[in-house]
Amino acid sequence: MFATTRDGIRIGYTIFGNAHADKKVALIHSLAMDRTFWQPVAEDLAKDAAVVVIDCRGHGQSDKPQGPYTVDQFADDLADVLDHLGWSKVTVAGCSMGGCVSLAFAIRHKDRVKSLGLCDTTAWYGEDAPKSWKERADKGVADGLASLIPFQKSRWFSDAFNAAHDDVVQHCNKVFVANEPHAYHASCIMLGVADMRAGLAGINVPTRILVGEEDYATPVAMAEYLHAHIKGSQLTIAKGARHLSPLEIPGEVAAKLREII
46 MFATTRDGIR
56 IGYTIFGNAH
66 ADKKVALIHS
76 LAMDRTFWQP
86 VAEDLAKDAA
96 VVVIDCRGHG
106 QSDKPQGPYT
116 VDQFADDLAD
126 VLDHLGWSKV
136 TVAGCSMGGC
146 VSLAFAIRHK
156 DRVKSLGLCD
166 TTAWYGEDAP
176 KSWKERADKG
186 VADGLASLIP
196 FQKSRWFSDA
206 FNAAHDDVVQ
216 HCNKVFVANE
226 PHAYHASCIM
236 LGVADMRAGL
246 AGINVPTRIL
256 VGEEDYATPV
266 AMAEYLHAHI
276 KGSQLTIAKG
286 ARHLSPLEIP
296 GEVAAKLREI
306 I
């Protein structure tokens, strides 16, 4: 299914559970993934809620316009999907890039947020982020996205998970290399300049923050910063997990979100 944004971009989405359920959840995937990223968690939460998963602009089956992209733009895209569905207020949760988008949504559309879930993410990647993200983006375009797979695989999952769940790893690899290089490049640049720190103090909804103990893409210190600056938030450090916790430990992620939906 598709919804059309305010600037005419088609956003692909899937609903799990009863779309008319009282409890409603929106889930946002990580960079270069698609809506299938959240399937294990969405299927779990759908026992209690209506769950929408979307393909962000530039990803999956959604339109892939030329950049630049911004996290505010991605947040507005989600608002437009919710308008299309007639959903006024949701629990919004995201992982990595999706967490950045979820933060932007909570800041820009605060009246539409019942609660917030932030997995393996940050409000700001740091002083060197514009340079490091551009280098990664340029390499993906110049050498092909497949050239980044060894780098991504070691960051996404723990060594134990990589060894035991080749099906999940291969699916992520397939989704990753299917991205349009120009859209991947624009998304990387977006993350390099994203900075939501100033808006954290205005977030005043139940918030669950979860980070993999071994996450070195968005390390524990970044999650601790979010926890320190979002009033009343709760932080979980997941033992042995790395960067894509909704795929590595979906049951634990679903349980944390279920506390606030």
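Here this note's numbering is used: the first residue of the sequence shown is 46, the next is one more, and so on. Note that the Cβ used here is the ideal one computed from N, Cα and C, for glycine as well. If you're wondering where the values come from, they're calculated on a predicted model, not measured in any experiment.
- Taking a 10 Å sphere around the C-beta of residue 267, we find 16 or more other C-beta atoms and assign the residue as buried.
- Under a 10 Å Cβ-count criterion, residue 285 is classified as exposed, with fewer than 16 other Cβ atoms of the shown protein chains found around its own Cβ.
- Residue 288 is a Cβ neighbour of residue 202, given a cutoff of 9 Å.
- Annotation: residue 143 to residue 175 spans about 18 Å, alpha carbon to alpha carbon.
- In this structure, DSSP gives residue 81 a helical state, which the three-state scheme calls helix.
- By alpha-carbon distance to residue 259, the top candidate from 290, 94, 250 and 274 is 290.
- Going by DSSP, residue 215 is part of the alpha helix (DSSP H) stretching over 211-222.
- Counting only runs of 3 or more residues that sit fully inside the stretch 260-302, the beta strand (DSSP E) segments are 279-283, in chain order.
- An exposed status is given to residue 65, since fewer than 16 other beta-carbon atoms sit within 10 Å of its beta-carbon.
- Separation of residue 162 and residue 60 (C-alpha to C-alpha, rounded to the nearest whole angstrom) is 18 Å.
- Considering only 116, 130 and 54, the residue with the shortest C-alpha distance to residue 240 is 116.
- Between residue 228 and residue 126, the C-beta gap is not smaller than 9 Å, which leaves the two residues out of contact.
- With fewer than 16 neighbouring CB atoms inside 10 Å of its own CB, residue 51 falls in the exposed class.
- If you look at residue 149, you'll find it in the alpha helix (DSSP H) that goes 142-153.
- The C-beta of residue 186 has fewer than 16 other C-beta atoms within 10 Å across all chains shown, which makes the residue exposed.
- The three-state reading of DSSP puts residue 54 in coil, since its state is none of H, G, I, E or B.
- Under the three-state reduction of DSSP output, residue 194 falls in the helix class.
- Distances from the alpha-carbon of residue 93 to those of 106, 84 and 63 put 63 closest.
- Residue 99 holds the alpha-carbon nearest to the alpha-carbon of residue 120 among 99, 109 and 206.
- One thing to note: residue 72 has its Cβ within 9 Å of the Cβ of residue 138.
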